[in-house]
Each structure stands twice: as structure tokens, then as C-alpha cells.
Amino acid sequence: MTKSRSKNLRDLIPFVDIPENDIKAMRRKRSIEDLNTMKQDIKRDNPTTSDQPPRSPKLPHGELLERSNDYIDICVPLYEASITGNWDAARPILDKRRELVRSAITENFDTTLHVAASAKETKLTENFVDNLVNMMDKEDLQLQTRISTPPSV
Numbered sequence: 001m002t003k004s005r006s007k008n009l010r011d012l013i014p015f016v017d018i019p020e021n022d023i024k025a026m027r028r029k030r031s032i033e034d035l036n037t038m039k040q041d042i043k044r045d046n047p048t049t050s051d052q053p054p055r056s057p058k059l060p061h062g063e064l065l066e067r068s069n070d071y072i073d074i075c076v077p078l079y080e081a082s083i084t085g086n087w088d089a090a091r092p093i094l095d096k097r098r099e100l101v102r103s104a105i106t107e108n109f110d111t112t113l114h115v116a117a118s119a120k121e122t123k124l125t126e127n128f129v130d131n132l133v134n135m136m137d138k139e140d141l142q143l144q145t146r147i148s149t150p151p152s153v
């Protein structure tokens with residue numbers, strides 16, 4: 001196909017003698033220019049594919065992890081209640097401070113829901129997750145851990 005196209009060029013301009021290597025070089029240059037133009041068009045049309053760094057995940061609040069008293073008094077009991085599905089132990093803590101449904105309770109930034117959803121599935125943990133989800137807003141369900149995973153409920 002390359003030879004027939006160069007023949008067509010020679011047929012169109014018979015009085016100019018263009019060496020075959022020059023014709024190939026012009027085609028390569030044009031292909032590179034076309035490719036660069038397409039890349040620019042894609043970046044313009046899709047801002048998420050631009051040179052901007054990727055978005056960081058929506059992480060839960062981490063202030064409980066920074067205060068040792070809160071960690072011991074809140075995070076540890078919530079973790080234990082989540083992993084065992086003990087809603088009776090978690091409810092008083094969450095009723096008192098409803099914002100804790102958006103708080104990290106592990107160093108990996110797992111929320112109470114992350115922990116409960118990863119626990120062994122039993123009737124207790126299912127009930128725990130249902131009750132917890134009923135306390136949460138839609139945005140709370142999108143919180144991710146440091147390894148960028150939303151809870152799989």
C-alpha cells in the first residue's frame with residue numbers, strides 16, 4: 001500500500017523527483033503530529049485523563065486515631081462490637097456521637113462499617129451492618145480506606 005500511495009504522489013506531481021525515503025519521513029512526521037493532536041484533544045475533552053494527579057480517595061475522619069484516650073475509649077470498643085456484631089455495645093457510643101459513623105477506627109482508616117462488613121457473616125453481623133447503614137448518609141457509604149476500598153455490604 002505504501003508503494004502505491006507514493007506512486008500516486010509521483011503521478012500527481014510528475015515533474016518533482018522526491019526520493020522514497022523522504023516520502024516515508026514525511027509520512028512518519030505527519031503521523032506523529034496527528035498522534036500528538038489526538039492526545040491533546042483527548043486531554044481537552046476528558047479532564048480526568050490530563051496531567052493532573054489522580055484524586056485521593058474520600059477518607060473517613062482520622063482524629064480519633066490521633067488521641068490515645070479516644071482510641072482506647074471509642075475505637076477499641078467500636079472495633080470489638082463491629083467484628084462480633086454486638087449492636088448493643090455499639091449503639092450507645094454511636095447514639096451519643098453520630099458523627100463517629102464517618103470516623104476511622106483503625107490505622108488503615110477502616111470505619112465501623114468497614115470492620116463489620118469484613119467480619120465473619122452471621123445474623124449478628126448482618127443485623128449490625130443493617131442498623132449501622134440506617135444511621136449513615138449516602139456519602140458515608142462512599143468512604144474508603146487507605147487502600148481505597150469502599151465497604152462491601
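Number 153 marks the last residue of the sequence shown (the UniProt record's numbering); no jumps.
Where is the CB? At the ideal position from N, CA and C, for every residue including glycine.
Predicted model only: the values in this text are computed from it and were never measured.
>> Looking at the secondary structure, which residues open and close the alpha helix (DSSP H) in which residue 103 lies?
In response: Note, residue 103: premise wrong, no alpha helix (DSSP H); not H, not E.
> Roughly how many whole angstroms lie between the Cα atoms of residue 135 and residue 101?
Replying inline: 8 Å
> Is the beta carbon of residue 136 within less than 7 Å of some heavy atom of the ligand PLP?
Replying inline: In terms of ligand content, the structure shown is empty, and the ligand PLP therefore cannot be addressed.
>> Please list the terminal residues of the continuous alpha helix (DSSP H) segment that includes residue 127.
In response: Counting along the chain, residue 127 sits inside the alpha helix (DSSP H) bounded by residues 123-135.
> By the 10 Å Cβ neighbour count, where 16 or more other Cβ atoms means buried, how is residue 88 classified, buried or exposed?
Replying inline: exposed
> Do you know how far the Cα of residue 132 is from the Cα of residue 111?
Replying inline: 11 Å
>> What does the Cβ neighbour count give for residue 122, buried or exposed, with the cut at 16 atoms within 10 Å?
In response: With fewer than 16 Cβ atoms within 10 Å of its Cβ, residue 122 is classed as exposed.
> Roughly how far, in whole angstroms, is the beta-carbon of residue 146 from the beta-carbon of residue 86, given that I think they are within contact range, below 8 Å?
Replying inline: Not confirmed; about 26 Å, so no contact.
>> Would residue 64 and residue 105 qualify as a contact pair, given that the criterion is a beta-carbon distance under 8 Å?
In response: It is a contact, given that the beta carbons lie within the stated cut-off.
>> Among the candidates 127, 73 and 113, whose CA atom is the shortest distance from the CA of residue 137?
In response: When only C-alpha atoms are compared, the closest one is 113.
> According to the neighbour-count rule (16 or more other Cβ atoms, all chains shown, within 10 Å of its Cβ), is residue 68 buried or exposed?
Replying inline: exposed
> Can you find a CB in chain D that lies within less than 8 Å of the CB of residue 106?
Replying inline: Any reference to chain D falls outside this structure, which holds one protein chain only.
>> Which residue wins for smallest C-alpha separation from residue 81, given the options 74, 61 and 90?
In response: 90
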